[in-house]
Structures are given as structure tokens and as C-alpha cells.
Amino acid sequence: MTVAMASPSARAVPLSLRLFGIALGFAVLGLVLRYLAFAVTVKDASILTFAEGMCRWDCGWYVRLAETGYDPFPVPTMINAGNWAFFPLFPLLIGALRFVTGLPTMPLASAVSVALSIGASMLAYPLLGRNIRAFTLFAAFLLCGPFSIYFTTFYTEVLFLFLTLAVFAALGQKRFLLAGLLAAALSATRIVGVFIVFAILVEVWRAHRAGGGTWRTFIPATLRRPDLVLAFALAPLGLFAYLTYLHLSIGDALAFNHVQRAWGRPLGLPPVFVWNALNAWPQSGFLPSSSQVSGLVTVIGYGLIGVMFWQRRFAMAIYSLICLTLPLFAGMASIVRFNAGLAPMILTLTELLARRSWLFWLALLLLAIGTCFGAVGWLTGYLALV
Amino acid sequence: MSDAVSPTPRLSRALALGAYLLSGLLIAWYLVTMWLMVHPQVSADYRAYYIDQTTTCMNQPVSGAYQFGTLVSFLPDGRDLQKTIRVCGWEGPAGDGMHAVGTSARLRFNPMERPASMALMLSMIAIRRDGVPAQTVSVSLDGEKLADLDVGSGAPSTFKLPIPAGVAVKPGPIEVLLDFPTAQQMGPTDPRTRWRSIKLQSAGLVAN
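Structure representation (C-alpha cells):
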């Protein structure tokens, strides 16, 4: 039997329960594999220190945000890097849950992240053409893959991915107002989330064309639909709420952008950064340097966007193109994470890998093995993963 | 011919009006916020570092608490004493000193005891880089230029700079600004905030 074919006993189980079971299975397996990697890498590792131990790099900033909120100016610790660069929704959510439950931040954030990853997998199922093999790979990618650390610790990528899928699911059902509401949340999660408005625009245009509309009638027809007008007006709400907050607290609505200077990020052209990264050969050994890995992942990302265009998934393609290209103007830092957190990329990749049975099984195996390598790389400071 | 986007979910007149009204309010709010974006209400220090980017050294409100006559080590052993006088533009300490990062750095001294005749002591070493044997350090006190110093990379250089009497006796902290006009971009994509010039090994105020 293949995964794509259900047995009679499997048919008796409701589909949603089967999907949940698959995702939950990967959540447990991923947890075990990451713990094993943690145990062999970190001295004095224990279950009690696992959640905190996996919290590396920006995760620490999110923990502090959830616990103490945004920095005032001047920053009390007298550093230039105020935490205004981090968008509020996910740390706010964890902070609120922490307040209500009294649970420690990292175990709570990890549990919420795993729950959101399972939820994201469920949302992805219809977007994957109800292909259970693609779904299986998708769930494995989030919960039991080399990049599962982003989706199971405390990084904003998991909520970003969940909300992106929710917007596309709403658009798939032509529920534009709901898509606008979800987009508002997305724009409070990461700055690039606001560009989902272009995906909404593309889908509204397609609906307009399907109804026999033309270029000339598009704007009047859209303006005659109050639900569409409200959807577009709602989409950037999260971003503007954060801008207003920054103005009221710091005096600078663009503090999230201005503070980037303190991180010493370079400014330049994406093709130059990618080219330089691909040519950053390792000083010894045969394995690619972390810069080369970042460059390679970026090239694969653009390849997947090309596939989306070819598949005429224009909304996803345009959104992904913006989300991948904009951060590249500030160099290659975190570009692997940004790629891994872009839902349309993972949808496209897992669909491609699910086309052949042997490829599916190979990908599944590599994802499981990659979980350990990803976690060890994460814990030992492999820069491409940061 | 249909000119609609798609089959419209029929909203009641009141709901439709509400949706338009809410949209209008949101758009008005966005316009106000956009106006705020280009009219920040921030301090001069904030504006200089984050917005205008006219300095790489963000003036931090350290107290300047300092015991007159102490030479504060900027090696790892002097961490506690450094805290109250290092304002900005420093990173470390590394093994042989505190790296200056960017094109300027600041120190602040606010001693209780203030003799009329005192001097600023600085011990520095330039970074090592092929073709760059030395660094120039321009020292200013309270906005007035005091000296241009040449700092080599071979061995640490120590300087004793007399402080003008007017600066020494005035109330409030003594602000020391070090400018690095020959600071080097170390990597091809390094922004100015990461440029390197010297490492500070010790600093203090002594009797002249």
C-alpha cells in the first residue's frame, strides 16, 4: 500500500483525524530526534533544560519581548539595538498566554509553536490539492525536518506561515473579507506580511475576470463591493497599529526600520549578495560554506517561485517573490530561515517531491535525518541556520 | 456583460454603509500614521544615529561616575570600571583592548574631585592591516578640538593631553569625543558602524 491509497480501516477514520494523526506523529518524532541531538550536543542536557536549550539567536529576543515588552528609548541596557525590529504579534500572543497560564515562556512558546505547525499542516491540505503524500511531506518539513527548529521553538516564522496559509485558504474559498482580516494579523507578524495584499489583489482580479470583467471595469466593480473595500483596508492594519505604537512610545513610527542600523546590516543589490555568497568557498574541506548554503537555498527559492509562475499560481508567486527579494537588499543573513518560513515555497516543494513514490520516501527519510543535523547545526552555531 | 468582480455576497444597506465607513476610518488613520512616519518626534541623539546617520556613535546616558586619578583598564580586567564611562563606539573588550567601532567613539568622566590643572591619559594601539601602519585619532573635549594623535599598530601609544582649565572646572561631566578619520572598512559589505581603527587599552584623568 502506498501512503496515497487508503485501506478500508483507514477510511473508517475521519480524514481530519487521520491528517491530525500524521502531523502529531511527526511532532512527536521530531521532538524525540531534536532531543537526541540536544542530548549529544549540549553538556548536562536534560528534559527540563530542553526548551530553553533550543532557544538560540533571535529566540532570546522573542523571549524577552514576551516577558517584558518593547524597550523604551534610550534602551535600559544602553545598547543601540532596541527590540523594536521584532514585530509584535507572536511575542504578544505568547506573553498573553504566559500571563493567563503562568507557565514558563519557552515550554509554552514551544508548545504553541508545535500546535501552530500542526494547524498549518491541516490548513495546507486543501492547498496541496488534497494530496496526502504532499501533506505528509509538508507536515514532516515543519515538525520533523532540518528546519523544524524554527517551527517548534520560539520564532515568528511559525505564526507567519500559519497565517499565510490561512489567507491563501480563505482566498481559495473567495472569502475576501476573511482574507483581509487574516492579512491584518499577518502584517503584525513580520513586515513582509503586509505584501500579502498583492496576493489578495491578484485573486480579486482573477475572480473579476472569471465573472467576465475587464481592466476598465475592475476598479469600479471592486469599489462597488464593500466587503472587498474593507478587505483591502484591513490588510495593513497590523503594520499600521505597530507603527502607531512605535510613534507613541519611541516617537518614531519607523523605529523598527531605523534600528536595523544597530545590527550593522549592509545595504546592496540582491544579485550581488547572492553571487558573493555562492562564491564564498570554504577554506578547507569539501562541504559548502554557510554562505554558499544560504546562496543555494536562495537560488532554490527563486526556482520554486518560477514553478509557481509556471503553475499559474500568480498570487503565491508574486507574494513569495516580494518576501524573498526584499530581505536580500540587506544581505544574506537569516535568508535560509526566511525561505523555510515562506508557506508557498514549502507547498510547491512538497508537491514536487510527492509526485513520485520513491522521491516521496527518499524525501521523508532525508527530512528525518536532517532533523538531527539541523538541530546539531543549530546548537553548534552553524551560521546558515541563524 | 457582467461588470462585477464576482457574485457579490449581498450585504444589507446598513452593513454596506458600515463597511465603507470603517474602511474610510482605517484609511484616514493610515494617512495620519504616514504623516507621523515622516515627522518623528525624537531626541537629537536618536535622530543623529538612527535617522540622519550623521554619527556611528549613539550617545548613551552613562553617568560618567569616575574616581579622579584612576587609569581605567579597557582590557577584560576592567569591565566594572569601564561601564560608567564608556558612552558609545566601543566593542569588547578583546584580549589587547577595547575595539573602537565606527568613525567615532565617546567617553564621559564626571569626577567628584576636579583640580584646575588636569590631563587626559589615553593608551591606544591601532588595528593591524596591510598598508595601514597607523591611525589618526582626533580628540575633542566638550566639542572643542584638543589634539590629533598618530597611533601606530606595532606597540601601544600613551598620550597625556592637558585639559583646558575652562573645561576642567565647569560643572557636569567632561565629554571626550574620539574621531577616527582613517578608520577602515574591514569587509566589503561592512557598514560604517562596523569600521575599525584603534583599540583602547586605558583611559583616565590625572593631575597635570
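For the protein sequence lines, the chains are Z and G, in the order given.
The first sequence begins at 1 in the working numbering and counts up by one.
The second sequence begins at 1 in the working numbering and counts up by one.
For every residue, glycine included, the Cβ atom is placed at its ideal position computed from N, Cα and C.
- Closest in C-alpha terms to Z/G172, from the list Z/G301, Z/L128 and Z/S294, comes Z/L128.
- Apart from sequence neighbours up to five positions away, the residues of its chain that approach Z/A315 with a beta-carbon distance below 7 Å are L171, A199, V202 and E203, ordered along the chain.
- For a Cβ distance threshold of 7 Å, residue set P266, G268 and G331 of chain Z lies close to G/T189, ordered along the chain.
- Counting along the chain, the unbroken beta strand (DSSP E) around G/Q135 starts and ends at A134 to L141.
- The residue from Z/Y242, Z/F218 and Z/R133 with its alpha-carbon nearest to that of Z/L352 is Z/R133.
- For G/M118, the uninterrupted beta strand (DSSP E) segment begins and ends at M118 to A126.
- In the structure shown, Z/M54 falls within a coil segment according to DSSP collapsed to helix, strand and coil.
- Spatial neighbours of Z/T325 in its own chain (CB-CB distance under 7 Å, excluding positions within 5 residues in sequence) are listed in chain order as P270.
- According to DSSP, G/M98 shares a beta bridge with G/L200.
- In the DSSP assignment, G/W90 is bridged to G/A100.
- Against chain Z, the CB of G/V72 has no partner CB under 9 Å away; the residue lies outside that interface.
- At a cut-off of 9 Å between C-beta atoms, G/T33 counts as an interface residue with respect to chain Z.
- With fewer than 16 other CB atoms across the displayed protein chains lying within 10 angstroms of its CB, Z/R312 is exposed.
- Rounded to the nearest whole angstrom, the CA to CA distance from Z/V272 to G/V132 is 28 Å.
- In this structure, Z/P226 places its C-beta atom within 9 Å of the C-beta atom of G/Y20.
- Under the three-pair Cβ rule at 8 Å, the region 11–20 of chain G does not count as touching the region 61–80 of chain Z.
- Z/I200 has a beta carbon lying at 9 Å or more from every beta carbon in chain G.
- The straight-line gap separating the alpha-carbon atoms of G/G69 and G/I174 is approximately 14 Å.
- Exclusion of the five residues before and after Z/L234 leaves G180, L181 and A184 as the residues of its chain whose Cβ lies within less than 6 Å of its Cβ.
- In chain order, A233 make up the part of chain Z whose C-beta sits under 9 Å from the C-beta of G/I27.
- For G/P76, there is no enclosing alpha helix (DSSP H), as DSSP marks it with neither H nor E.
- For the pair Z/S357 and Z/L364, the Cα-to-Cα distance works out to about 11 Å.
- In this structure Z/E157 is buried. Its beta-carbon is surrounded by 16 or more other beta-carbon atoms within 10 angstroms.
- Not a single C-beta of chain G is nearer than 9 Å to the C-beta of Z/A343.
- Residue-level contact by beta carbon holds for Z/F73 and chain G, with a gap shorter than 9 Å.
- The DSSP assignment places 132–143 and 148–152 as complete runs of the alpha helix (DSSP H) inside the region 121–153 of chain Z, in order along the chain (cut-off: 4 residues).
- Where G/T33 is concerned, there is no enclosing beta strand (DSSP E), although the alpha helix (DSSP H) around it starts and stops at R13 to M37.
- For G/N208, the secondary structure class from DSSP, reduced to helix, strand or coil, is coil.
- The contact set of G/V132 on chain Z, defined by CB atoms closer than 8 Å, is empty, because the minimum CB distance reaches about 21 Å.
- Contacts with chain G at 9 Å (Cβ-Cβ) do not include Z/V274.
- Across the structure, Z/Y319 and Z/V28 are spaced so that their CA atoms are roughly 32 Å apart.
- In chain order, H247, I250, G251, D252, A253, L254, A255 and H258 make up the part of chain Z whose C-beta sits under 9 Å from the C-beta of G/P40.
- Within its own chain, the residues whose Cβ lies closer than 8 Å to the Cβ of Z/F218, once the five positions on either side in sequence are excluded, are W205 and H208, listed in chain order.
- DSSP places Z/I346 in the helix class (H, G or I) of the three-state scheme.
- Contact annotation for Z/F240 against chain G: L26, W29, Y30, T33 and M34 [CB-CB distance below 9 Å, chain order].
- As DSSP reads the structure, G/E175 sits in a beta bridge with G/R108.
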